[in-house]
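Student: Encoded as structure tokens, here's the structure I'll be asking about.
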Amino acid sequence: MEYKTEKKGSNTILYVQGDIKTEVSAEFQDRLLQEIDQCDILLVDLSDVEYICSAGLRAFLACQRKVDETDGKELQILNVCDEVMDVFSDTGFDNVLTIR
């Protein structure tokens with residue numbers, strides 16, 4: 019899995035490349051939490067992700083919990099393919115996360 023970041027003022031866009039599998043989910047969670055610490059709004063672009071495992075979902079949940087506990091922070095997920103959106107919908111995460 020690879021990452022590219024782009025800073026726009028106090029916001030960060032995190033471009034994720036590669037599937038979010040169990041083997042990389044801890045690294046992915048660490049990266050999300052690190053990025054949200056350094057910005058106000060974290061935009062996670064999943065246009066190059068075709069699969070997410072349950073541990074990847076938990077990584078997003080951990081980041082969302084941190085956002086919910088911190089004033090002025092926001093997490094948005096962008097450019098989700100149909101397969102990954104199905105996982106978000108089937109698990110109810112589409113009601114917890116902001117997906118655009």
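Residue 80 in the working numbering sits at position 62 of the sequence shown, with consecutive numbering throughout.
Note that beta-carbon positions come from the ideal geometry of N, C-alpha and C, so glycine has one too.
Measure the CB-CB distance between R118 and L96 and report whether it falls below 7 Å.
Tutor: yes
Student: Rounded to the nearest angstrom, what separates Q35 and C57 at their Cα positions?
Tutor: 21 Å
Student: Would DSSP call L115 helix, strand or coil?
Tutor: coil
Student: May I ask you to report which of helix, strand or coil DSSP gives K39?
Tutor: coil
Student: According to the neighbour-count rule (16 or more other Cβ atoms, all chains shown, within 10 Å of its Cβ), is Q52 buried or exposed?
Tutor: exposed
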